[in-house]
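Novice: Going by the numbering used here, the letters in the sequence shown line up with residues -5 to 179, in that order.
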Amino acid sequence: MQALQSALVKDIYQKGGETLSFMGAALSGGMLLGAFLYPFLAKRVAIDKALLLCGILNGGFYLVLAGCALIAQNIFFYPVLGFSSLVFGVSIGYLNTALAVMIMKAIPIHYMSRETGLANALCLAAVPATSFLVSAAARLVKVPALLTASGILFLLIMAMLKVSGKLNELLPDDSKAGRNEEKWN
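(1) Write down the C-beta distance between alanine 20 and glycine 83 rounded to the nearest angstrom, noting that I regard them as a contact closer than 8 Å.
(2) Do you know how far the Cα of leucine 150 is from the Cα of valine 157?
(3) Note the first and the last residue of the continuous alpha helix (DSSP H) segment covering lysine 136.
(4) Are the CB atoms of cysteine 117 and leucine 89 within a distance shorter than 8 Å?
(5) Less than 8 Å between C-beta atoms, sequence neighbours within five positions excluded: which residues of the same chain meet that for leucine 14?
(6) Quick check on DSSP: helix, strand or coil for phenylalanine 70?
(7) Can you list, in chain order, the residues of its chain whose CB lies under 7 Å from that of glutamate 163, leaving out five sequence neighbours each side?
(8) At which residues does the alpha helix (DSSP H) containing glutamate 12 begin and terminate?
(9) Roughly how many angstroms separate the alpha carbons of methionine 154 and leucine 161, rounded to a whole number?
(10) So the candidates are Gly76, Thr124, Ser107, Leu59; which of them puts its Cα closest to the Cα of glycine 145?
(11) Since I believe valine 137 is in contact with isoleucine 6 (beta carbons under 8 Å), could you give me their beta-carbon distance rounded to a whole number of angstroms?
(12) Let me know the secondary structure DSSP gives isoleucine 97 once reduced to three states.
(13) Please report how far the alpha carbon of methionine 25 lies from the alpha carbon of threonine 91, in whole angstroms.
(14) Exposed or buried, what is lysine 9 when buried is set at 16 or more other beta-carbons lying within 10 Å of its beta-carbon?
(15) Quick one: measure Cβ to Cβ for leucine 51 and serine 85, integer angstroms, because I've assumed they're closer than 8 Å.
(16) Given a cut-off of 8 Å, decide if glycine 87 and leucine 45 are closer than it, judged by their beta-carbon atoms.
(17) Could you have a look at tyrosine 88 and say whether DSSP puts it in helix, strand or coil?
(18) Quick check: the Cα distance between tyrosine 105 and glycine 111, rounded to an integer number of angstroms?
(19) What first and last residue would you give for the alpha helix (DSSP H) that runs through alanine 63?
Below is the structure:
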């Protein structure tokens, strides 16, 4: 999304830096809210269901971004863009916190610094590589079409994870049949 955000706002929405700032503020606020809500939601929602919902929200966000091109000059543009960016941010904040908790539970303490260093290095290395690939794809395909394809692909991957039962593997062993609220808070 970050690789396409400037082109999307300037070329497709025909807006300026204030729209980028608006999206960024809504996204950042949502991420804070998602991280804050994690302990409360984790007690009530099984991790597999929460991750599925977050995945659906993330895929849906890309579709909304593409759809906003149709209403860019409409009074509903900023409310739709702001709300969807906020929801996306909540989802990302929740996912980041859930991942950190899962890693802390799964990785022995004496390997934690190695895992964190390796994960951070891989993520940082992926940013320019994916930006390059996305920029190259954007030269061949219009940005809304690229966002739509990404959203659909994301939703298909989430559906495959759900159907295959891979998300259930994230549940603690004693809650495979039900939900263990104590272990995932």
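Built from N, CA and C at the ideal position, the CB exists for glycine as well.
Bear in mind that the values here come from a model prediction, so they are computed numbers and not experimental data.
Specialist: Walking through what the data contain:
(1) Looking up residue 20 in the sequence shown gives position 26. Looking up residue 83 in the sequence shown gives position 89. Confirmed, Cβ separation roughly 6 Å.
(2) Your numbering for residue 157 matches position 163 in the sequence shown. Your numbering for residue 150 matches position 156 in the sequence shown. For valine 157 and leucine 150, the gap between their C-alpha atoms comes out near 10 Å.
(3) For the purposes of this step, residue 136 is identified with residue 142 of the sequence shown, where counting begins at 1. Note, lysine 136: premise wrong, no alpha helix (DSSP H); not H, not E.
(4) Counted from its first residue, the sequence shown places residue 89 at position 95. Counted from its first residue, the sequence shown places residue 117 at position 123. Going by C-beta atoms, leucine 89 is not nearer than 8 Å to cysteine 117.
(5) Counted from its first residue, the sequence shown places residue 14 at position 20. The answer, listed in chain order, is Gln(-1), Ser0, Val3.
(6) Against the sequence shown, residue 70 aligns to sequence position 76. Coil at phenylalanine 70, not helix or strand.
(7) Start at 1 with the first residue of the sequence shown, and residue 163 comes out as number 169. Same-chain partners within the cutoff: there are none.
(8) Numbered from its first residue, the sequence shown carries residue 12 at position 18. Where glutamate 12 is concerned, the enclosing alpha helix (DSSP H) stretches over 11 to 36.
(9) Your numbering for residue 154 matches position 160 in the sequence shown. Your numbering for residue 161 matches position 167 in the sequence shown. Straight-line Cα distance between these residues: approximately 10 Å.
(10) Within the sequence shown, numbered from 1, the residue matching residue 145 stands at position 151. Comparing C-alpha distances from glycine 145 to each of Gly76, Thr124, Ser107, Leu59 shows the shortest one belongs to Leu59.
(11) Position 12 of the sequence shown, counted from the start, is the residue given in the question as residue 6. Position 143 of the sequence shown, counted from the start, is the residue given in the question as residue 137. Taking a contact as a CB-CB distance under 8 Å, the pair isoleucine 6 and valine 137 counts as one, their CB atoms being some 5 Å apart.
(12) Sequence index remark: in the sequence shown, residue 97 carries index 103 (1-based). Looking at isoleucine 97 - three-state DSSP - the assignment turns out to be helix.
(13) Numbered from its first residue, the sequence shown carries residue 25 at position 31. Numbered from its first residue, the sequence shown carries residue 91 at position 97. The straight-line gap from Cα to Cα measures roughly 10 Å.
(14) As a position in the sequence shown, residue 9 is number 15, starting the count at 1. Answer is buried; the Cβ neighbour count reaches 16.
(15) Translated into the one-based positions of the sequence shown, residue 51 becomes position 57. Translated into the one-based positions of the sequence shown, residue 85 becomes position 91. About 4 Å separates the two Cβ atoms, so the contact holds.
(16) Here the question's residue 45 lines up with position 51 in the sequence shown. Here the question's residue 87 lines up with position 93 in the sequence shown. Judged by their CB atoms, leucine 45 and glycine 87 are not nearer to each other than the 8 Å cut-off.
(17) Working through the sequence shown from its first residue, we reach residue 88 at position 94. Helix at tyrosine 88.
(18) Here residue 105 is taken as the residue at index 111 of the sequence shown, counted from 1. Here residue 111 is taken as the residue at index 117 of the sequence shown, counted from 1. Looking at the backbone, the Cα of tyrosine 105 and that of glycine 111 are separated by about 10 Å.
(19) Numbered from its first residue, the sequence shown carries residue 63 at position 69. Segment: none, alanine 63 is in no alpha helix (DSSP H) and carries neither H nor E.
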